[in-house]
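In the UniProt record's numbering, the protein residues as written are 1 to 256. Ideal placement from N, C-alpha and C gives every residue a C-beta, glycine not left out.
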């Protein structure tokens, strides 16, 4: 009786309802083509976003270490495009989920792409914060001279990581992703040095420089954390395996 009501509906909400029409194979193929085109558009936008973030990280370092006002302003101005790309990618992914109802691998790709866009947006914001710190103190450096070398090492690490992010994403390269994940300890150790310097009794700078050391060091350390999160997400897209769940690894928690 229940089945008869569901498909033929002799009363109430089942009235005049017909059994679902089997999907035409041609229709299914067309939907797949539309879905693949949507994924390609999203992937292109995500690659563009990764390149923007790379440029922002490079520019923020230039502004910080060389008191380059033009570089700082460029990073600040360009962050709006990165934010817009993130919003566009998330909206496109939501539309793919609503219209195509993907499952299994396709679902993993769409959801992970949304999270990558959000991660890259946060990285762009952090680079902007560093650039704003450099602009705020121009023409003076926001950092005491005694700690500049440590920040230069942190920036060198982040420059390499930013380049790796672009390569990793463009090629879906899990080996590059693993490099990003495993090398993050280097940045963490450098960040510890900045905190020790800030806590020293004979800190050789102004109160504002003390604040800058703590904040900029934190911004740079978080850039590394977000890069690790992005790398884990790419490994998950490619393999279905989440590196953060591997018991032998200890890179902190996934920050997404």
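Please list, in chain order, all residues of the same chain as residue i whose beta carbon is under 8 Å from its beta carbon, the five residues on each side excluded.
| i | result |
| --- | --- |
| residue 236 | 108, 112, 242, 243 |
| residue 150 | 190, 193, 194, 197 |
| residue 152 | 65 |
Determine the direct distance from the alpha carbon of residue j to that of residue i, and round the result to whole angstroms.
| i | j | result |
| --- | --- | --- |
| residue 220 | residue 66 | 16 Å |
| residue 97 | residue 226 | 25 Å |
| residue 232 | residue 155 | 22 Å |
| residue 176 | residue 228 | 11 Å |
| residue 115 | residue 93 | 10 Å |
| residue 49 | residue 159 | 16 Å |
| residue 266 | residue 164 | The structure shown does not extend to residue 266, since the chain is modelled only from 1 to 256, so the question has no answer here. |
| residue 68 | residue 78 | 16 Å |
Looking at the structure shown, is residue i part of a helix, part of a strand, or coil, going by DSSP?
| i | result |
| --- | --- |
| residue 143 | coil |
| residue 212 | helix |
| residue 37 | helix |
| residue 68 | coil |
| residue 200 | coil |
| residue 222 | helix |
| residue 251 | In this prediction, residue 251 scores a pLDDT of 46, lower than 50, which makes its location untrustworthy; no coordinate-derived value is stated. |
| residue 55 | helix |
| residue 232 | helix |
| residue 240 | coil |
Take residue i as the anchor and find which of the options has the nearest alpha-carbon.
| i | options | result |
| --- | --- | --- |
| residue 206 | 142, 93, 92 | 142 |
| residue 216 | 36, 44, 63, 230 | 63 |
| residue 99 | 31, 202, 201, 222 | 31 |
| residue 128 | 177, 158, 59 | 59 |
| residue 52 | 61, 124, 38, 72 | 124 |
| residue 145 | 238, 234, 212 | 212 |
| residue 42 | 72, 73, 95 | 95 |
| residue 203 | 68, 88, 234, 147 | 147 |
| residue 117 | 101, 91, 136, 135 | 91 |
Is any heavy atom of the ligand NAP found at a distance shorter than 7 Å from the C-beta of residue i?
| i | result |
| --- | --- |
| residue 129 | This structure simply doesn't include the ligand NAP, nor any ligand for that matter. |
Near residue i, what residues of its chain come up, given a Cβ to Cβ distance below 7 Å and the 5 sequence neighbours on each side ignored?
| i | result |
| --- | --- |
| residue 121 | 82, 83, 86 |
| residue 173 | 167 |
| residue 238 | 172, 174 |
| residue 34 | none |
| residue 131 | 59, 60, 63, 72, 75, 76 |
| residue 47 | 169, 170 |
Any idea if residue i is buried or exposed, counting beta-carbon neighbours within 10 angstroms, 16 or more meaning buried?
| i | result |
| --- | --- |
| residue 57 | buried |
| residue 161 | buried |
| residue 230 | buried |
| residue 44 | exposed |
| residue 105 | exposed |
| residue 80 | exposed |
| residue 75 | buried |
| residue 209 | buried |
| residue 240 | exposed |
| residue 188 | exposed |
| residue 103 | exposed |
| residue 133 | buried |
Return the chain-ordered list of same chain residues with a C-beta closer than 6 Å to the C-beta of residue i, the five sequence neighbours on each side being excluded.
| i | result |
| --- | --- |
| residue 126 | 219, 222, 223 |
| residue 214 | 198 |
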